[in-house]
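So the structure is just underneath, and the comments pick up after that.
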Amino acid sequence: MTRKRFDEMGCSVACALNEVGDWWSLLVVKQAMLGTRRFVDFQHNLGIAKNILCNRLSRLVDNGVMVRVDVGEHGKRYEYRLTDKGRDLFTVVTALRQWSERWNGEKDTMQLVDRQSGEPLAPVTVQNQQGQPLTVRDVRFVDEDGKPLEEAG
């Protein structure tokens, strides 16, 4: 079965899902944020089959989310590192984690804390230009001409 692609939808969310839309890909990205770099460590830490991991890493590299680096130890050995594009997913991964903790309860003991203060992170929010938090009911989806697409919420 061929995986559906959303390139022609003209939707930023669909475009992002083309690159990181399956659950293994985001878990690989999260694991890379924790410092994992080697294939064997991704496999061990995630409990993922080799063929699936190989596919996800290849797709993440092809899409510029990660880069494969030859570290040249003991012959050919590669590490996978996040690119700027991959590191920009930190907000997405954090928001998804916070959403899950709110609606599914805490499922692990890992916490995200500020490196300098040691304090837990504040909830990720969408804000207007003045820094005020917004919900989906506070925004309107518009086309390039400013015409409303549909009522939100």
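Sequential numbering of the sequence shown, starting at -6, is according to the numbering used here.
Built from N, CA and C at the ideal position, the CB exists for glycine as well.
In terms of Cα proximity to Q120, the closest of R61, L114 and D131 is D131.
The Cβ atoms of V117 and T84 sit closer than 8 Å to each other. DSSP places D55 in the uninterrupted alpha helix (DSSP H) bounded by K43 to D55. Within the region 82 to 137, the runs of alpha helix (DSSP H) that reach at least 4 residues and sit entirely inside it are, in chain order, 83 to 97. Between the beta-carbon of D136 and that of L142 there is about 6 Å, and that keeps the pair under the 8 Å contact cut. Around the beta carbon of T29, 16 or more other beta carbons sit within 10 angstroms, so the residue counts as buried.
Going by DSSP, D77 is part of the alpha helix (DSSP H) stretching over D77 to R80. Membership of V62 in any alpha helix (DSSP H) is not indicated; the residue belongs instead to the beta strand (DSSP E) covering M59 to D63.
Taking a C-beta distance under 8 Å as the contact criterion, V13 and F35 do not qualify as a contact pair.
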